[in-house]
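Quick note on the UniProt record's numbering: the sequence shown kicks off at 1 and runs consecutively. For reference, the structure discussed in these notes is given below.
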Amino acid sequence: MKFMKLGTKSDTFYTEQATRTLTSDIASDLMIQINDVTYLLHRFALLPKCGLLQRLCYESSDAESVTVELHDIPGGEDAFELCAKFCYGISINISAHNFVSAFCAAKFLRMNESVEKGNFVGKLDSFFNSCILESWKDPIATLQSTATLPEWSENLGIVRKCIDSIIEKILTPSQQVKWSFTYTRPGYTKKQHHSVPKDWWTEDVSDLDIDLFRCIIMAIRSTYVLPPQLIGEALHVYACRWLPGITKLNKTSGSSASQTEESKLKNRKILETIVGMIPADRGSVSVGFLFRLLSISIHLNASSVIKTELIRRASLQFEEATLWKRMSPGAVDNSYFLRSIRNVGKLIDSYLQVVARDDNMQVSKFVSLAETVPSIARADHNDLYKAIDIYLKVHPDLSKAEKKRLCGILDCQKLTPEVRGHAVKNELLPLRTVVQLLYFEQEKESMANTGHKLLKQHEMILGAKQRTTTKDSQSKQSLGTTQNLESREKDEHRNKRMDGNLALEMEKKMVIRGRDIEEKDESSSSYKLIRRARSKSEHSMKRADREK
């Protein structure tokens, strides 16, 4: 950051109670009052350079001491003291941080070239044009400091000149960028002799207030020089800088409810402004970014217009994802494609868990969104079950038909044992879904038992083959044992098929009689059957955990 040093004398200002003065052999004849601070100064030092003080002291030129009130001076006492020290020739440093207040105060005091050559306004204006505007970070710091004096900064052209300087540098080709900038992307600083990234400017600009940031982004968009994706990246960086995630938003740092509400209002304004600046071009921002904005909009109670716009933008890019359904089966074998589409599936299921908390989300919309994902995009249905469970908890007044429609998108065979165990005990699920869960759990348990038995039989057969076959009687006995084992295996398969058919028949009956079952109270025999099955399933899971 560049700075300008003016004056050579040492600083002799000191404070005595609420009075500021300087060490001098000459008695003070000018009293300046600014808010609660009083300055005891000299007319011979200030009047030659301050046109305003010349006019205010004109009628009292013969008085021994003159009192002037300057309560409305921009920048307050700190800015006035910079001007006073300049008049005394005391050493001061001007940078992008204090330029705005010093320039506005000097303009207020009319420290122009017409009053005296080489005056304060002229030196500040020269420093602003030749140093601040020529660098990259200084105009940004200057814009940040204009927040305390917005009207003065706007009227004096400070804001406009800084924005023009920033835009000019942003539109400069990256290979011509020679100034320093902030870029903290992972892995970037580790590379050596790397080229300047195209989004080199996004982090520094994100330090600005949302209104100033919007002015810059909209001005850049109007030039049509930068691609929409780069504009979208700038919006993403700004959102990450100012909009915390959902978990962080829940942790209120304010000490009162009013502070929390004020923070929400500020974040809501930022959110709405960012959404309004997203380029219309498809793919300018990622679906994941749109989902994050949507989740934050729900937490901040943003307007329905904002939520609808985010859902609309996300759905436009979902249309590209649904083309996957029409691709040839051979494309599914591509491992990269499979990873990509499953990432999309996880993203959509995460989004479903967010919108499930919305009281106004209808079952039909929820199901339609879930069904946009092809079957290959979900390796399991654990995340989908979690979204359905959240929806059932938030919407306890669903009808039986709506619950049936909602749970119909769930594939019980694609649930892991832990999730299936939770679902079996879930009182919110319809009985039809519970029956299916119990059936598949019973089927897997039966298959596991059968496999264990077959493994033991296989070990016995291998042991029989390795025995010494010196006697014919032993060989015949071994053969007979093998035949008996094979006969027993056939019996086990026959019994398993009968059990499976019986369970399937029970499921069909339960589905046909589902309406009657659901209308009965908890004392009905069918409900007790489900309760016993749930209890048995829970007991089996606990026993399995103990064995582990």
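C-beta atoms are modelled at their ideal positions from N, C-alpha and C, and glycine is treated no differently.
Euclidean distance between Cα positions of residue i and residue j
i	j	result
Ala234	Ile166	14 angstroms
Met277	Leu70	42 angstroms
Ile246	Lys393	Per-residue confidence for Ile246 stands at a pLDDT of 40, beneath the threshold of 50, marking its modelled position as unreliable; no derived number is given.
residue 560	Phe103	No answer is possible for residue 560: it lies beyond the span of the chain, which begins at 1 and ends at 548.
Ala377	Val344	7 angstroms
Gln436	Phe181	60 angstroms
His395	Lys425	19 angstroms
Leu316	Ser350	18 angstroms
Pro173	Leu212	23 angstroms
Arg405	Thr416	22 angstroms
Leu109	Ala63	21 angstroms
Met218	Leu208	14 angstroms
Arg357	Ser295	10 angstroms
Ile512	Ile210	Here Ile512 scores only 41 on pLDDT, less than 50, and its place in the model should not be relied on; the value that follows carries that caveat. Whole-angstrom Cα-Cα distance: 60 angstroms.
Thr273	Leu56	46 angstroms
Cys87	Leu46	6 angstroms
Ile390	Lys365	15 angstroms
Met498	Ser286	Here the model assigns Met498 a pLDDT of 49, short of 50, so the residue's position is not dependable, and the following value carries that caveat. One C-alpha to the other measures close to 52 angstroms.
Arg420	Val363	23 angstroms
Leu504	Leu438	With a pLDDT of 48 at Leu504, under the threshold of 50, the modelled position of that residue is not reliable, and the figure given next carries that caveat. Cα to Cα, Leu504 sits roughly 11 angstroms from Leu438.
Val367	Ile409	7 angstroms
Ala147	His42	33 angstroms
CA nearest to the CA of residue i, picked from the options
i	options	result
Leu369	Ile376, Leu384 and Asp380	Leu384
Ile163	Glu134, Pro173 and Gln176	Glu134
Asp411	Ile388, Pro173 and Leu30	Ile388
Gln413	Arg405, Pro48, Ala423 and Ser60	Ala423
Lys266	Pro279, Arg282 and Trp242	Trp242
Leu171	Lys404, Ile231, Ser114 and Thr23	Ile231
Cys407	Ser130, His381 and Gly421	His381
Leu143	Trp152, Ile158 and Leu56	Ile158
Ala239	Glu262, Thr23, Asn301 and Leu271	Leu271
Gly283	Ser303, Leu293, Pro227 and Ser101	Pro227
Ala84	Gln442, Glu64, Leu56 and Leu22	Leu22
Val237	Lys307, Arg185, Arg268 and Ser195	Arg185
Ser145	Gln176, Tyr188, Phe99 and Phe120	Phe99
Met4	Ser24, Phe13 and Leu124	Leu124
Trp152	Ser130, Ile210, Asp72 and Gly7	Asp72
His299	Val177, Ala280, Val287 and Ser263	Ser263
Leu293	Ser304, Cys131, Val275 and Ser303	Val275
Thr67	Asp78, Leu82, Leu398 and Val37	Val37
residue 627	Glu371, Lys269, Arg214 and Tyr88	Nothing can be reported for residue 627: it is not among the residues displayed for the chain, which extend from 1 to 548.
Asp11	Val196, Glu168, Gln442 and Ser91	Ser91
Val177	His194, Thr372 and Lys161	His194
Gly122	Asn112, Gln33 and Cys131	Asn112
Ser130	Val115, Ala96, Leu156 and Leu149	Ala96
Asp281	Leu338, Arg221 and Leu347	Arg221
Asp204	Ala147, Arg342, Trp136 and Cys215	Trp136
Tyr224	Pro279, Thr260 and Tyr188	Pro279
Residue environment, residue i, which counts as buried when at least 16 other CB atoms sit within 10 Å
i	result
Trp200	buried
Glu519	Reliability of the predicted coordinates at Glu519 is poor, the pLDDT of 42 falling under 50, and the value obtained from them is presented with this limitation in mind. Under this definition Glu519 is an exposed residue.
Pro430	buried
Asn360	exposed
Ala106	buried
Tyr39	buried
Ile403	Residue 403 is actually Lys in this sequence, not Ile. Buried: at least 16 other Cβ atoms inside 10 Å.
Arg312	exposed
Ala314	buried
Glu427	exposed
residue 595	No answer is possible for residue 595: the residues shown for the chain start at 1 and end at 548.
Ser399	exposed
Asp78	exposed
Thr202	buried
Pro139	buried
Val305	exposed
Glu16	exposed
Met1	exposed
Asn119	buried
Ala401	exposed
Pro74	buried
Sheet register partners of residue i (DSSP bridge)
i	result
Ile92	Leu6
Leu22	Phe13
Tyr391	Answer is none; Tyr391 lacks a bridge partner.
Glu69	Gln33
Thr38	Thr19 and Gln33
Chain C within 8 angstroms of residue i, Cβ atoms only
i	result
His71	Absent here is chain C; the protein component of the structure consists of one chain.
Kindly provide the ranges of any alpha helix (DSSP H) runs that are 4 or more residues long and lie completely inside the segment 106–145, ordered along the chain.
The alpha helix (DSSP H) runs lying completely inside the segment 106–145 and spanning 4 residues or more are 120–127 and 137–145, given in chain order.
At what residue ranges does the segment 172–237 contain a whole run of the alpha helix (DSSP H), taking only runs of 4 or more?
The segment 172–237 contains these whole alpha helix (DSSP H) runs: 202–205 and 210–223.
Runs of 4 residues minimum, wholly inside the segment 339–370: which ones carry the alpha helix (DSSP H) assignment?
Taken in chain order, the complete alpha helix (DSSP H) segments of 4 or more residues contained in the segment 339–370 are 363–370.
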